[in-house]
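Undergrad: This structure is in structure tokens; I'll ask about it shortly.
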Ligand code: HEM
Ligand code: SF4
Ligand code: FES
């Protein structure tokens, strides 16, 4: 199929960007969205033009790098997929496709479609871990029984790949779904419970510092999340946060 | 004007003040519906509200609730605008979220505008003005002889309905209540409450407007 692409081009963080039109031809429905961009970039390189910069790594939906806002939705029109898992058969011959970077004050554009999601790393560094020494004295997994339901919920939360689609989609650019998934995955397990109060307080503090917006429960994040992270995690984080603000005393 | 610095605590204050305002609405609607039953009953209820000391005390709590809710709502919206400085060229918000959830500040501010008019119409007249009528009931009757007021009131109740449809269930999520069994019931209850509030208040305004026509 032949397509018209409107792509955000921006030289660097400080320059102003703009939408630029491109044509691609001979796209197969079996290609992934990123392979379609590869075709475009091959053309651009052959013409001696600057190829479109975009993030990608695994190309199988596990690294969370392939941030693109496609036709007004994070990772495009399909549900439960990242951009690399989006097939071109979701589009029709002659379609016009808007391709933009994830937009948020906390995710500055580095170049074209590449954004800096370091804010997520700093939130993780603020408390998204368990302080146990595992080198050389790893505990046997079966020595600490965990109820199946808790393990399942923790696992569901842990499938968050930190892609940032929740932030990109949210009208408030709020990071609550991401942070709540990370808070939950640890708070649900006995190893993580020990530091649960300090963790939720410092991760939320860092989240606010990074300039993400306030959650207004529109639920858009849950719909667009490639991993189906649930809003119940946000409610859990709110509970944990309220409890910790009232009872946590050490500073 | 950072009243509260934590995003989550701010939302919890909004939720609790919102739920308090909801309980006030339920009481207000109940009393207003008395107008449809009998003028005496309404006058009596209205007199009770104006003289009972607990209600008089609660008036101040209510005012604080409104101020907190509105101030936090405006602050939250301004922060949220700042969190996305450049807009998308193409954004399909309707693909993943409801209209009422995306327009809380719009419905909220319009309800605020209505509230000011409404306070001037009733509260101000009863408390500080020279009351031109013999009873509270008559004040209600006279106001809705005016089609513009009737229209404004009904319009405001529809907006309030949208505000409540999202707000009711949102408040529970904000304070951390989300449950696979109860959340669907909370959403249903919120929608039912929004419909009852919109229809109930509108019915009263329209009833008096159309009664005035037939007199
Ligand atoms: C009788 C009047 C009102 C009632 C019953 C009411 C109720 C609510 C409730 C229950 C919420 C949800 C809180 C949460 O999710 O934590 C809410 C949110 C909100 N309200 Fe109101 N409200 C009223 C008036 C207003 C007014 C006058 C404004 C004007 C600024 C306003 C602005 C907002 C905003 C901006 C939100 C935030 C949206 C969100 O977080 O979901 N509200 N309201
Ligand atoms: S919660 Fe979902 S959308 Fe947000 S970062 Fe994690 S995987 Fe991506
Ligand atoms: S490239 Fe890894 S998730 Fe898409």
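Chains as they are written, first to last, in our numbering: chain E, 5 to 255; chain C, 29 to 243.
Just so it is clear, CB atoms sit at the ideal spot from N, CA and C, and this is done for glycine as well.
List the whole-angstrom C-beta distance separating residue 57 of chain E from residue 119 of chain E, where the pair is believed to meet the contact cut-off of C-beta under 8 angstroms.
TA: As a first step, residue 57 of chain E must be located in the first chain, where it is residue number 53. As a first step, residue 119 of chain E must be located in the first chain, where it is residue number 115. Actually they do not touch by this definition, with Cβ atoms about 11 angstroms apart.
Undergrad: So, is the C-beta of residue 97 of chain E closer than 8 angstroms to a C-beta in chain C?
TA: As a position in the first chain, residue 97 of chain E is number 93, starting the count at 1. No, no contact with chain C.
Undergrad: Would the beta-carbon of residue 173 of chain E fall within 8 angstroms of that of residue 219 of chain E?
TA: As a position in the first chain, residue 173 of chain E is number 169, starting the count at 1. As a position in the first chain, residue 219 of chain E is number 215, starting the count at 1. Not in contact: residue 173 of chain E and residue 219 of chain E (Cβ atoms no closer than 8 angstroms).
Undergrad: Since residue 115 of chain C contacts residue 102 of chain E with CB under 8 angstroms, what's their CB separation in whole angstroms?
TA: What you label residue 115 of chain C is simply residue 87 of the second chain in a count that begins at 1. What you label residue 102 of chain E is simply residue 98 of the first chain in a count that begins at 1. Actually they do not touch by this definition, with Cβ atoms about 12 angstroms apart.
Undergrad: Does DSSP classify residue 90 of chain E as helix, strand or coil?
TA: Position 86 of the first chain, counted from the first residue, corresponds to residue 90 of chain E. Of the three classes helix, strand and coil, the one that applies to residue 90 of chain E here is coil, per DSSP.
Undergrad: Tell whether a beta-carbon distance below 8 angstroms holds between residue 130 of chain C and residue 121 of chain C.
TA: In the second chain, the residue the question calls residue 130 of chain C occupies position 102. In the second chain, the residue the question calls residue 121 of chain C occupies position 93. Their beta carbons are under 8 angstroms apart, which means residue 130 of chain C touches residue 121 of chain C by this criterion.
Undergrad: Using a Cβ-Cβ cut-off of 6 angstroms (strictly less than) and excluding sequence neighbours within five positions of residue 162 of chain E, which residues of its own chain qualify?
TA: For this step, residue 162 of chain E is matched to residue 158 along the first chain. If we look at residue 162 of chain E and ignore the five residues flanking it on each side, its Cβ neighbours are 189.
Undergrad: Please find out if some non-hydrogen atom of the ligand SF4 comes closer than 7 angstroms to the beta-carbon of residue 27 of chain E.
TA: For this step, residue 27 of chain E is matched to residue 23 along the first chain. No.
Undergrad: Could you name the residues of chain C that residue 238 of chain E contacts, counting a contact when the two beta carbons are closer than 8 angstroms?
TA: Within the first chain, residue 238 of chain E is the residue found at index 234, counting from 1. Per Cβ cutoff of 8 angstroms: 201 and 206.
Undergrad: How big is the Cα-Cα spacing for residue 30 of chain C and residue 46 of chain E?
TA: The residue you call residue 30 of chain C lines up with position 2 of the second chain. The residue you call residue 46 of chain E lines up with position 42 of the first chain. With a pLDDT of 47 at residue 30 of chain C, under the threshold of 50, the modelled position of that residue is not reliable, and the figure given next carries that caveat. If I take the Cα positions, the gap works out to 50 angstroms.
Undergrad: Output, in chain order, the set of chain C residues within a Cβ distance shorter than 7 angstroms of residue 227 of chain E.
TA: In the first chain, residue 227 of chain E corresponds to position 223, counting from 1. Those within 7 angstroms of residue 227 of chain E in chain C are 124.
Undergrad: Under the assumption that residue 232 of chain C contacts residue 79 of chain C (Cβ atoms under 8 angstroms), give the Cβ distance between them as a whole number of angstroms.
TA: Within the second chain, the letter at position 204 stands for residue 232 of chain C. Within the second chain, the letter at position 51 stands for residue 79 of chain C. So it is not a contact: roughly 23 angstroms between Cβ atoms.
Undergrad: By Cβ distance, which residues of its chain are closer than 7 angstroms to residue 230 of chain C, with the 5 residues on each side in sequence left out?
TA: Counted from its first residue, the second chain places residue 230 of chain C at position 202. The answer, listed in chain order, is 182 and 185.
Undergrad: Specify the secondary structure class of residue 111 of chain E as computed by DSSP and reduced to three states.
TA: Sequence index remark: in the first chain, residue 111 of chain E carries index 107 (1-based). Here residue 111 of chain E sits in strand by DSSP.
Undergrad: Once DSSP output is grouped into helix, strand and coil, what is the label at residue 28 of chain E?
TA: Sequence index remark: in the first chain, residue 28 of chain E carries index 24 (1-based). Three-state DSSP puts residue 28 of chain E in a strand.
Undergrad: Unbroken alpha helix (DSSP H) runs of length 4 or more, entirely within the segment 94 to 160 of chain C: which are they?
TA: Entirely contained in the segment 94 to 160 of chain C, the alpha helix (DSSP H) runs reaching 4 residues are, in chain order, 127 to 130 and 132 to 146.
Undergrad: Alpha carbon to alpha carbon, how far is residue 8 of chain E from residue 24 of chain E? Give it in angstroms, no decimals.
TA: The residue given as residue 24 of chain E occupies position 20 in the first chain. The residue given as residue 8 of chain E occupies position 4 in the first chain. Going from the Cα of residue 24 of chain E to the Cα of residue 8 of chain E covers about 10 angstroms.
Undergrad: In three-state terms, what does DSSP make of residue 78 of chain E?
TA: Within the first chain, residue 78 of chain E is the residue found at index 74, counting from 1. In the structure shown, residue 78 of chain E sits in a strand (DSSP, three-state: E or B).
Undergrad: Rounded to whole angstroms, how far is the Cβ of residue 228 of chain E from the Cβ of residue 124 of chain C, which I believe are closer than 8 angstroms?
TA: For the purposes of this step, residue 228 of chain E is taken as residue 224 along the first chain, with counting starting at 1. For the purposes of this step, residue 124 of chain C is taken as residue 96 along the second chain, with counting starting at 1. Contact flag correct, Cβ pair sits at about 5 angstroms.
Undergrad: Shorter than 8 angstroms from the beta carbon of residue 39 of chain C to some beta carbon of chain E?
TA: In the second chain, the residue the question calls residue 39 of chain C occupies position 11. Chain E, which has a Cβ nearer than 8 angstroms to the Cβ of residue 39 of chain C, makes this yes.
Undergrad: Going by beta carbon distance, what residues of the same chain come within less than 7 angstroms of residue 244 of chain E, once the five residues before and after it are set aside?
TA: Your numbering for residue 244 of chain E matches position 240 in the first chain. Once the five neighbours on either side are set aside, the close Cβ partners of residue 244 of chain E are 187, 191, 200 and 204.
Undergrad: Which of the three DSSP states, helix, strand or coil, is assigned to residue 178 of chain E?
TA: Stepping through the first chain from its first residue, residue 178 of chain E is reached at position 174. Residue 178 of chain E: coil per DSSP, three-state reduction.
Undergrad: If you measure between the beta carbons of residue 79 of chain E and residue 169 of chain E, is that distance less than 8 angstroms?
TA: Taking the first chain and counting its residues from 1, one reaches residue 79 of chain E at position 75. Taking the first chain and counting its residues from 1, one reaches residue 169 of chain E at position 165. Cβ atoms of residue 79 of chain E and residue 169 of chain E: closer than 8 angstroms.
Undergrad: By the three-class DSSP mapping on this structure, what secondary structure does residue 30 of chain C have?
TA: Within the second chain, numbered from 1, the residue matching residue 30 of chain C stands at position 2. Model confidence at residue 30 of chain C stands at a pLDDT of 47, short of 50, so the residue's coordinates are unreliable; what they give is reported in the following sentence. Coil at residue 30 of chain C, not helix or strand.
Undergrad: Can you tell me whether residue 215 of chain C is helix, strand or coil according to DSSP?
TA: In the second chain, residue 215 of chain C corresponds to position 187, counting from 1. Of the three classes helix, strand and coil, the one that applies to residue 215 of chain C here is helix, per DSSP.
Undergrad: For residue 216 of chain E, return the contacting residues in chain C, with the cut-off set at a CB-CB distance below 7 angstroms.
TA: Reading the first chain from its first residue, position 212 is the one you call residue 216 of chain E. What residue 216 of chain E touches in chain C: 111.
Undergrad: Hey, which unbroken runs of the beta strand (DSSP E) at 3 residues or more fall wholly within the segment 126 to 191 of chain E?
TA: None, since the segment 126 to 191 of chain E contains no complete beta strand (DSSP E) of that length.
Undergrad: When a residue counts only if its C-beta is closer than 6 angstroms to some heavy atom of the ligand FES, which residues count, in chain order?
TA: Qualifying residues, in the order they occur: E:60, E:61, E:62, E:63, E:65, E:66, E:67, E:68, E:69, E:70, E:86, E:87 and E:88.
Undergrad: Using a Cβ cut-off of 8 angstroms (strictly closer), state whether residue 13 of chain E contacts chain C.
TA: In the first chain, the residue the question calls residue 13 of chain E occupies position 9. By this cut-off, residue 13 of chain E is not an interface position.
Undergrad: Determine the chain E residues that contact residue 114 of chain C at a beta-carbon separation under 8 angstroms, and present them in chain order.
TA: Taking the second chain and counting its residues from 1, one reaches residue 114 of chain C at position 86. Those within 8 angstroms of residue 114 of chain C in chain E are 107.
Undergrad: Less than 7 angstroms between the CB of residue 76 of chain C and some heavy atom of the ligand SF4, yes or no?
TA: Numbered from 1 along the second chain, position 48 holds the residue referred to as residue 76 of chain C. Residue 76 of chain C Cβ: outside cutoff for every heavy atom of the ligand SF4.
Undergrad: Run the CB neighbour count on residue 35 of chain C, radius 10 Å, all protein chains shown included, and call it buried at 16 or more, exposed below.
TA: By one-based count along the second chain, residue 35 of chain C stands at place 7. Residue 35 of chain C is buried by the Cβ-count criterion.
Undergrad: Which term fits residue 237 of chain E, buried or exposed, when burial requires 16 or more other beta carbons within 10 angstroms of its beta carbon?
TA: Locating residue 237 of chain E in the first chain gives position 233, counting from the first residue. Flag for residue 237 of chain E reads buried.
Undergrad: If you reduce the DSSP assignment to three classes, tell me which class residue 222 of chain E lands in.
TA: Position 218 of the first chain, counted from the start, is the residue given in the question as residue 222 of chain E. In the structure shown, residue 222 of chain E sits in coil (DSSP, three-state: anything other than H, G, I, E or B).
Undergrad: Report yes or no: is there a C-beta of chain E within less than 8 angstroms of the C-beta of residue 36 of chain C?
TA: Against the second chain, residue 36 of chain C aligns to sequence position 8. For residue 36 of chain C, the answer is yes, since a Cβ of chain E falls inside 8 angstroms of its Cβ.
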